[in-house]
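Peer 1:
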Amino acid sequence: MKKNIDPLLSIEHVKISCQNEGKWETIVDDMSFQLFRGEMLAITGPSGCGKSLTAHAIVGLLEKGCRVTHGQIIYRDENIIDYDERRLQQLRRDEIGLLIQHSLNGLNPIQTVKRQMVEALRHKKWNKKSIETSLHSLLNQVGFSDPEHILSLYPFELSGGMRQRVLLAMMLSLQPKIFIADEPTTALDVINREKVLTLLKQLQQELKLTILLISHDEKSVKKYADRVVQMDRGGVLL
1 MKKNIDPLLS IEHVKISCQN EGKWETIVDD MSFQLFRGEM LAITGPSGCG
51 KSLTAHAIVG LLEKGCRVTH GQIIYRDENI IDYDERRLQQ LRRDEIGLLI
101 QHSLNGLNPI QTVKRQMVEA LRHKKWNKKS IETSLHSLLN QVGFSDPEHI
151 LSLYPFELSG GMRQRVLLAM MLSLQPKIFI ADEPTTALDV INREKVLTLL
201 KQLQQELKLT ILLISHDEKS VKKYADRVVQ MDRGGVLL
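Printed below as a string of structure tokens:
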């Protein structure tokens with residue numbers, strides 16, 4: 001990326017600590033990187049190095065017992081760390097979408113795909129006619145050839161790869177400025193892993209998406225990401 005282009009998101013010397021047996025332990029130490037508009041940036045590294053923790057800090061979803069202890073997360077000239085819960089909810093709803101690791105946890109098991117997608121679109125205050133039209137279009141975008149059938153199903157009736165694509169469609173419906181995919185290929189077989197990564201790249205190019213891709217599989221994501229930042233033991237590997 002050209003140095004004269006301002007980053008859309010800037011992580012500056014961030015430290016994240018979590019409680020362990022009553023003591024605070026630094027998990028992410030002096031993490032810095034920039035994400036530019038329209039690119040796919042991959043953060044890679046072994047399990048436990050703090051990749052997902054960093055992603056969750058960006059959208060204010062650190063689990064209980066963890067906190068940012070140093071640094072800044074700059075988005076649109078504001079420090080996200082200073083946001084209150086109301087502003088964080090607005091951020092997650094309107095500006096930065098997060099696709100979580102385990103697709104089954106991201107969907108309500110007792111609601112059909114249609115009901116959940118309609119609810120997501122209502123957050124954007126779309127009218128009923130627009131919602132009905134958009135459901136098929138969104139599912140087509142993520143590779144479903146029979147959207148009406150998919151809409152009628154419950155999450156347990158979908159494969160892991162299909163659930164990830166449904167969640168991706170729901171994220172796209174929110175039209176986020178930044179899309180964070182946190183280990184989107186976890187628990188998928190090799191074929192579905194490649195399908196999901198290919199789809200992300202296709203959507204990035206077609207819709208000009210800005211994507212932060214979190215993955216432990218450096219070899220796979222290198223084929224798709226515009227840049228790769230390697231993490232190790234909580235910080236950037238130089």
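Number 130 in the UniProt record's numbering belongs to position 130 of the sequence shown; there are no gaps in the numbering.
Yeah, the Cβ is synthetic: ideal placement off N, Cα and C, and Gly gets one too.
Computed from a predicted structure; not experimentally measured.
(1) With H, G and I counted as helix, E and B as strand and the rest as coil, what does DSSP make of residue 263?
(2) Run through DSSP, which three-state label would Asp146 get?
(3) Going by DSSP, name the residue or residues bridged to Glu12.
(4) Nearest by alpha-carbon distance to Glu21: which of Ser52, Ser10 and Cys66 is it?
(5) Closer than 6 Å by C-beta to Tyr224: which residues in its own chain qualify, once you throw out the five before and the five after it? Chain order, please.
(6) At which residue ranges does the stretch 4-59 contain complete alpha helix (DSSP H) runs of 4 or more residues, listed in the order of the chain?
(7) Counting contacts by CB-CB distance shorter than 8 Å, is Ile180 in contact with chain D?
(8) Could you tell me which uninterrupted beta strand (DSSP E) segments, each at least 3 residues in length, are contained entirely in the stretch 84-145, listed from first to last along the chain?
(9) Is Ser159 closer than 8 Å to Ser134 when the C-beta atoms are compared?
(10) Looking only at its chain, what residues have a beta carbon closer than 8 Å to the beta carbon of Ala55, apart from the 5 residues adjacent to it on each side?
(11) Between the alpha carbons of Val221 and Val113, how many angstroms are there, rounded?
(12) When we look at the beta-carbon of Gly71 and count the other beta-carbons within 10 Å, is it buried (16 or more) or exposed?
(13) May I have a chain-ordered list of the alpha helix (DSSP H) segments no shorter than 4 residues that lie completely inside the stretch 172-230?
(14) Distance check for Ile73 and Met117, CA to CA, integer angstroms please.
(15) Counting pairs of Cβ atoms below 8 Å between the stretch 82-90 and the stretch 185-197, do you hit three or more?
(16) Drop a sphere of 10 angstroms on the beta-carbon of Gln205, count the other beta-carbons inside from all chains shown, and report buried for 16 or more, exposed for fewer.
(17) Assign residue 242 to buried or exposed, taking buried as 16 or more other Cβ atoms, counted over all protein chains shown, within 10 Å of its Cβ.
(18) Would you tell me roughly how many angstroms separate the C-alpha atoms of Gln230 and Gly48, rounded to the nearest one?
Peer 2: The relevant details are as follows:
(1) In this structure the chain extends from 1 to 238, so residue 263 is not present and cannot be described.
(2) Taking the sequence shown and counting its residues from 1, one reaches residue 146 at position 146. Of the three classes helix, strand and coil, the one that applies to Asp146 here is coil, per DSSP.
(3) For the purposes of this step, residue 12 is taken as residue 12 along the sequence shown, with counting starting at 1. According to DSSP, Glu12 bridges with Gln72.
(4) Working through the sequence shown from its first residue, we reach residue 21 at position 21. Out of Ser52, Ser10 and Cys66, Cys66 has the C-alpha closest to the C-alpha of Glu21.
(5) Here residue 224 refers to the residue found at position 224 when the sequence shown is read from its first residue. Excluding residues within five positions, the ones whose Cβ falls inside 6 Å are Leu197 and Lys201.
(6) 51-58
(7) Among the chains of the structure shown, chain D does not appear; only one protein chain is present.
(8) 96-99
(9) As a working note, residue 134 is residue 134 in the sequence shown. As a working note, residue 159 is residue 159 in the sequence shown. For Ser134 and Ser159, no; Cβs fall outside 8 Å.
(10) As a first step, residue 55 is located in the sequence shown; it is residue number 55 there, counting from the start. Taken in chain order, the residues that qualify are Ile43, Leu98, Ile180, Asp182, Leu212 and Ile214.
(11) Here residue 221 is taken as the residue at index 221 of the sequence shown, counted from 1. Here residue 113 is taken as the residue at index 113 of the sequence shown, counted from 1. Their Cα atoms are separated by approximately 28 Å.
(12) Here the question's residue 71 lines up with position 71 in the sequence shown. The residue is buried, with at least 16 neighbouring Cβ atoms inside 10 Å.
(13) 190-207 and 218-221
(14) Start at 1 with the first residue of the sequence shown, and residue 117 comes out as number 117. Start at 1 with the first residue of the sequence shown, and residue 73 comes out as number 73. Looking at the two C-alpha atoms, the distance is approximately 30 Å.
(15) no
(16) Here the question's residue 205 lines up with position 205 in the sequence shown. That one is exposed.
(17) Only positions 1 to 238 of the chain appear in the structure, and residue 242 is not among them; the question remains open.
(18) The count along the sequence shown starts at 1 and reaches residue 230 at position 230. The count along the sequence shown starts at 1 and reaches residue 48 at position 48. Roughly 13 Å between the two C-alpha positions.
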